[in-house]
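Single-structure report; data block below.
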Amino acid sequence: MAIAVRSSRGGGSGGVGAGFRSLFSYRIFISALFSLLFIATVSVLLTSRPPPTHHHSRLPSGANAYMHRTFLALNSDPLKTRLDLIYKQANDHITLVKTYAAYARKLKLENSKQLKMFDDLAKNFSDLTSKPSLFETDGNLDEDVLRQFEKEVKDRMKFARLMVAESKENYDNQLKIQKLKDTIFSVSESLGKAKKNGALASSIAAKSIPKSLHCLAMRLVEERISHPEKYKEELPKAEFEDPSLYHYAVFSDNVIAVSVVVRSVVKNAEEPWKHVFHVVTDRMNVAAMKVWFRMRPVEGGAHLEVKAVEDYSFLNSSYAPVLRQIESAKKQRFNFEKTTENVTKDGSNMKLKNPESMSMLNHLRFYLPEMYPKLHKILLLDDDVVVQKDLTGLWKIDLAGKVNGAVETCFGSFRRFSQYLNFTHPLIKERFNPKACAWAYGMNIFDLDGWRREKCTETYEEWQNLNEDRTLWKLDALPPGLITFYSLTKSLDKSWHVLGLGYNPSISMDEINNAAVIHYNGNMKPWLDIAMNQYKNLWTKYVDNDMEFVQMCNFGV
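The sequence shown begins at 15 in our numbering and counts up by one.
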């Protein structure tokens, strides 16, 4: 029994010791575990922080990246982040404002109020962002100062947005306007070049001899050569110098055009046998002209004579100054034609290159009293007119002491003396009124007695000599006519002479039908392919289509 008790006590003492040892071991294990965890955490934090000055170091990834962002967030100042955001917004608006200012300059708005406001706003933004440091001496931000700074920046941002919203539409419109102006300028330049080229092409077409006209002249000359006995020269008729008859002067080298003028006068005359035609042409066409009117005599008993310029012996370069100028102009024309570039660059050379302006036929009109010394009145007709009524009423008009009866062409500021004469020259400026109304050649009734009394031919030659260098006017017949008959022209009713059928497509048919004479002045002559169709039939109905050579030469009438 004693043995059993001893054993029981010894066993209880051993159990207490074993429990104590287990508790102590557990505490040591826990302490070691926390120590290791702490060391690992510190190690991770220390090894994951990036070196501050090495831009090429590798960025953390995975778990390290998450720890890196956590560390930066814990160590960053929220006020500093807020300040960086304010600076970024301010810089963005500075860029926006400067962009609109540059946009305005591009649109040529340097003097505009909006451009100045944009420049001032950009400067204010720059001054604001370059303020002294907002940090206190210890390196920390003052929240009150930051709040005030943020308020100033936001106020400027709000103002900038309002300006941009207000100006955006205007700038878009200004850009469209500027592009439109650039387009208009470009098109205007192209149009100017096209007009010059068109004027040149039209002038070439108008002054070239159509194949049909050339054919007609050749056929007529061939007829003269083949049958010389039929075309012997006739003695002058007494009617050619009879002042009691109605005399017409027609100066032209165009056979078909002259025949239309004569036929239209005769067909509309009440007493055709009282009408006398004086046709003057150049030496090259005189034979063809004579053959035509011998083969197709004037109807109604009217009288007609054909002469060449050379038949008037007094017309030579020593007597007529215009002949010297024509010879000089022909030399210049030859030089000009060596380069076609001069033609398109200088429109003023067009007249110089115009064959009519360099033809003595165009200036014979200034020698009418010398050519027809026994006549008192004469009606000058151009070869591009058509007569639609009896013209004998023109001889009954009282010219009231004037020399020239003509239809005036001025309207508004157009077709005044200033458009034909050089008023920068003192001689022109002193003698004439630049606003004086111009008149037209084509149908002119001249009082030859008054012409002789006023010495108009001498006046013409005097001014032609003064214009030797062509500084007073370009080589043409109308400017010297305006000078010669200045204050000596009687204005006729416009229904006597309607102009523009060679260039103006909008003349009313009522005006044309009411006209005594219609004039195809301009480049679109009725015998050319470029003639205007709405007027062409008024001319073609007087073409003698029964004439065999007209049919053979395929006139497109």
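Don't be surprised by glycine CBs; every beta carbon is placed ideally from N, CA and C.
Residue range of the beta strand (DSSP E) that includes residue i
i, result
"residue 505", "503–505"
"residue 393", "391–395"
"residue 444", "Looking at the DSSP string, residue 444 is not in any beta strand (DSSP E); the run it does join, the alpha helix (DSSP H), is 440–445."
"residue 608", "Residue 608 is absent from the model: the chain starts at 15 and stops at 571."
Rounded Cβ spacing between residue i and residue j (contact assumed at less than 8 Å)
i, j, result
"residue 289", "residue 386", "At roughly 15 Å, the Cβ-Cβ gap does not stay under 8 Å, so residue 289 and residue 386 are not in contact."
"residue 408", "residue 459", "5 Å"
"residue 230", "residue 564", "7 Å"
"residue 541", "residue 224", "7 Å"
"residue 518", "residue 403", "At roughly 21 Å, the Cβ-Cβ gap does not stay under 8 Å, so residue 518 and residue 403 are not in contact."
"residue 262", "residue 382", "Actually they are not in contact, since the Cβ atoms of residue 262 and residue 382 sit about 11 Å apart, beyond 8 Å."
"residue 417", "residue 464", "5 Å"
"residue 414", "residue 504", "6 Å"
"residue 255", "residue 388", "4 Å"
"residue 297", "residue 324", "6 Å"
"residue 486", "residue 547", "Actually they are not in contact, since the Cβ atoms of residue 486 and residue 547 sit about 40 Å apart, beyond 8 Å."
"residue 159", "residue 104", "Contact doesn't hold; Cβ gap of about 16 Å is too wide."
"residue 419", "residue 506", "5 Å"
"residue 192", "residue 336", "With 8 Å as the limit, residue 192 and residue 336 do not qualify as a contact, their Cβ atoms being about 53 Å apart."
"residue 489", "residue 431", "With a Cβ gap of about 18 Å, residue 489 and residue 431 do not count as contacting."
"residue 1", "residue 406", "Only positions 15 to 571 of the chain appear in this structure, which leaves residue 1 out of reach."
Where the alpha helix (DSSP H) through residue i begins and ends
i, result
"residue 230", "225–240"
"residue 376", "Unbroken run through residue 376: none, as it is neither H nor E."
Buried versus exposed, by CB contacts within 10 Å (16 or more), residue i
i, result
"residue 27", "Low confidence applies here, because residue 27 scores a pLDDT of 49, under 50, leaving its location unreliable and the question unanswered by this model."
"residue 538", "buried"
"residue 303", "buried"
"residue 248", "exposed"
"residue 174", "buried"
"residue 233", "buried"
"residue 313", "exposed"
"residue 208", "exposed"
"residue 228", "exposed"
"residue 425", "exposed"
"residue 295", "buried"
"residue 457", "buried"
"residue 433", "exposed"
"residue 260", "buried"
"residue 237", "buried"
"residue 320", "buried"
"residue 12", "The chain is shown only over 15 to 571; residue 12 falls outside these bounds and no answer can be derived."
"residue 100", "buried"
"residue 461", "buried"
"residue 566", "exposed"
"residue 51", "exposed"
"residue 176", "exposed"
"residue 239", "exposed"
"residue 40", "exposed"
"residue 556", "buried"
"residue 179", "exposed"
"residue 481", "buried"
"residue 200", "exposed"
"residue 514", "buried"
Cβ-heavy atom distance, residue i to the ligand NAD, below 8 Å
i, result
"residue 238", "The ligand NAD is not among the ligands present in this structure, which contains no ligands whatsoever."
**OP:** Counting only runs of 4+ residues fully inside the stretch 497–571, write out the alpha helix (DSSP H) ranges in chain order.
**Re:** 523–527, 547–554, 562–566
Subject >> Inside the stretch 248–310 only - beta strand (DSSP E) runs reaching at least 3 residues >> reply: 260–265, 289–295
**OP:** Evaluate contact between the stretch 300–318 and the stretch 260–279, counting only Cβ atoms and requiring at least three cross-stretch pairs below 8 Å.
**Re:** yes
Original post:
Which ranges would you report for the alpha helix (DSSP H) in the stretch 448–476 if only whole runs of at least 4 residues count?
Top reply: 462–468
Original post:
With contact counted as at least three CB pairs below 8 Å, one residue from each stretch, are the stretch 464–474 and the stretch 494–502 in contact?
Top reply: yes
Original post:
Given 8 Å as the limit, is there contact between the stretch 388–403 and the stretch 518–531, that is, 3 or more CB pairs closer than that?
Top reply: yes
Original post:
Which full runs of the beta strand (DSSP E) of 3+ residues lie inside the stretch 383–430, going along the chain?
Top reply: 391–395, 399–401, 418–420
Original post:
Below 8 Å, can you find three or more Cβ-Cβ pairs linking the stretch 209–221 to the stretch 252–270?
Top reply: no
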